[in-house]
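Residue numbers (our numbering): 1 to 354. Written out below as structure tokens is the structure these notes cover.
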């Protein structure tokens with residue numbers, strides 16, 4: 001917190017949510033304010049300001065941004081109370097931030113469609129018609145439709161406590177999609193093409209430890225244990241903590257990265273000193289693919305899939321891979337046996353035995 005108790009003002013400036021920092025002239029305080037990452041001076045407001053981020057709200061002792069506040073004004077007043085109650089119930093049940101965001105985004109789509117019609121008045125038949133509209137008119141994929149059904153189901157069964165409300169609404173069959181792995185040679189090309197130290201370190205850790213993109217951006221400096229060569233992954237998917245092995249080849253690069261970027265809390269921090277965003281990490285991977293000229297339709301999660309596939313091909317027991325990936329069910333890990341090509345390549349065609 002800054003020393004001389006300046007006044008903080010939440011506002012919109014140049015189309016962006018900002019926090020103005022107002023105080024009487026003080027040379028020492030000005031020098032401290034100038035050290036804030038991303039701080040700028042507004043000539044029209046005669047005040048310093050920074051982007052309105054969770055990190056700066058916490059630093060200045062301001063109340064956190066309410067979840068869903070940006071969406072609420074777009075919802076008809078008839079359903080605003082339902083929307084707020086929905087988010088509060090998700091929070092009380094301690095759902096993860098990513099799940100809350102997914103659920104509220106999908107639930108809000110229903111509220112947008114309803115306009116002034118109250119969501120509480122919907123019948124199972126009306127909901128069935130809505131989901132048919134999602135399939136036939138909106139052309140939603142099976143996975144997106146599952147997410148939307150889950151989100152709406154949560155409202156009727158967990159908020160309104162109508163337990164059997166979805167009994168007669170069928171679900172679409174999910175397609176059986178195998179994980180997309182990247183060949184080890186292409187991984188090396190991708191890493192060699194990524195010359196930015198921060199980006200290269202991020203991608204190496206994603207692949208080298210089999211991390212989800214949410215886990216790589218959530219890594220904190222204190223999670224790195226270089227003495228035991230382990231990294232603590234806090235509250236991964238399903239709120240499950242686990243330890244993963246820190247690759248020995250990354251240690252010197254990590255030290256160089258610390259010296260150059262000097263992160264304060266999170267291992268990877270954004271332009272304004274806040275936590276690196278999932279979207280930015282995905283863009284780093286996308287740019288690396290293009291730069292390495294790898295023509296493959298795969299996202300950053302492909303690095304995690306590749307980690308598991310390459311371990312399996314090297315003879316690592318699936319039980320150990322399950323532990324490293326943080327899978328609850330071994331069946332999830334065993335999907336990689338269908339991706340691995342090494343065992344299949346050893347099978348001889350009957351033709352070759354003639």
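Even glycine gets a Cβ: it sits at the ideal position worked out from N, Cα and C.
Kindly identify the DSSP beta-bridge partner or partners of residue i.
i, result
"residue 294", "In the DSSP output, where bridge partners are listed per residue, residue 294 has none listed."
"residue 12", "17"
"residue 78", "In DSSP, residue 78 forms no bridge with anything."
"residue 358", "No answer is possible for residue 358: the residues shown for the chain start at 1 and end at 354."
"residue 313", "Beta-bridge pairing links residue 313 to no other residue."
"residue 25", "None, per the DSSP bridge assignment."
"residue 7", "22"
State the DSSP-derived secondary structure class of residue i, mapped to helix, strand or coil.
i, result
"residue 216", "helix"
"residue 155", "helix"
"residue 1", "With a pLDDT of only 43 at residue 1, under 50, the local geometry of the prediction cannot be trusted, and the value read off the model is given with reservation. Residue state, collapsed to three classes: coil."
"residue 276", "coil"
"residue 49", "strand"
"residue 86", "helix"
"residue 224", "strand"
"residue 43", "coil"
"residue 337", "helix"
"residue 266", "strand"
"residue 160", "coil"
"residue 73", "helix"
"residue 332", "helix"
"residue 34", "coil"
"residue 302", "helix"
"residue 415", "The first residue shown for the chain is 1 and the last is 354, placing residue 415 beyond what the model contains."
"residue 255", "helix"
"residue 147", "helix"
"residue 187", "helix"
"residue 180", "coil"
"residue 418", "With the chain covering only 1 through 354, there is no way to say anything about residue 418."
Taking residue i and residue j to be in contact with their CB atoms under 8 Å, please state how far apart those CB atoms are, rounded to whole angstroms.
i, j, result
"residue 9", "residue 20", "4 Å"
"residue 217", "residue 257", "At roughly 15 Å, the Cβ-Cβ gap does not stay under 8 Å, so residue 217 and residue 257 are not in contact."
"residue 294", "residue 190", "6 Å"
"residue 208", "residue 324", "11 Å between Cβ atoms; not a contact."
"residue 213", "residue 278", "5 Å"
"residue 149", "residue 171", "6 Å"
"residue 226", "residue 251", "6 Å"
Quick check on residue i - is its C-beta less than 8 Å from some C-beta in chain C?
i, result
"residue 186", "In summary, chain C is missing from the structure at hand, where a single protein chain is found."
Review point. Taking one C-beta from the region 233 to 244 and one from the region 156 to 173 each time, how about it: are there three or more such pairs within less than 8 Å?
Key: Touching, no.
Check your understanding: For the 8 Å Cβ check, are there 3 or more pairs between the region 53 to 65 and the region 89 to 109?
Key -> As far as the Cβ criterion goes, the region 53 to 65 does not touch the region 89 to 109, which means the pair count is below three.
Practice item. For the region 240 to 248 and the region 24 to 38, state whether three or more C-beta atom pairs, one from each stretch, are separated by less than 8 Å. Key: no
Review point. Does the count of Cβ pairs from the region 66 to 83 and the region 27 to 47 closer than 8 Å reach three?
Key: no
Check your understanding: Are three or more beta carbon pairs between the region 279 to 297 and the region 148 to 161 nearer than 8 Å?
Key -> no
Check your understanding: When the Cβ atoms of the region 141 to 149 are set against those of the region 262 to 277, are three or more pairs found closer than 8 Å?
Key -> Touching, no.
Review point. Should the region 130 to 142 be called in touch with the region 179 to 191, which here means at least 3 C-beta pairs below 8 Å?
Key: no
Review point. Can at least three beta-carbon pairs, one atom from the region 284 to 301 and one from the region 310 to 317, be found at a separation below 8 Å?
Key: no
Point to revise | Touching by the beta-carbon criterion (3+ pairs, under 8 Å), the region 99 to 106 and the region 123 to 139 | key: no
Check your understanding: Quick one: complete alpha helix (DSSP H) runs, 4+ long, within the region 79 to 138?
Key -> Within the region 79 to 138, the runs of alpha helix (DSSP H) that reach at least 4 residues and sit entirely inside it are, in chain order, 97 to 114, 124 to 136.
Review point. Is it true that the region 298 to 305 meets the region 79 to 88, where meeting means three or more beta-carbon pairs spaced less than 8 Å apart?
Key: No: the two stretches stay apart, fewer than three of their Cβ pairs being nearer than 8 Å.
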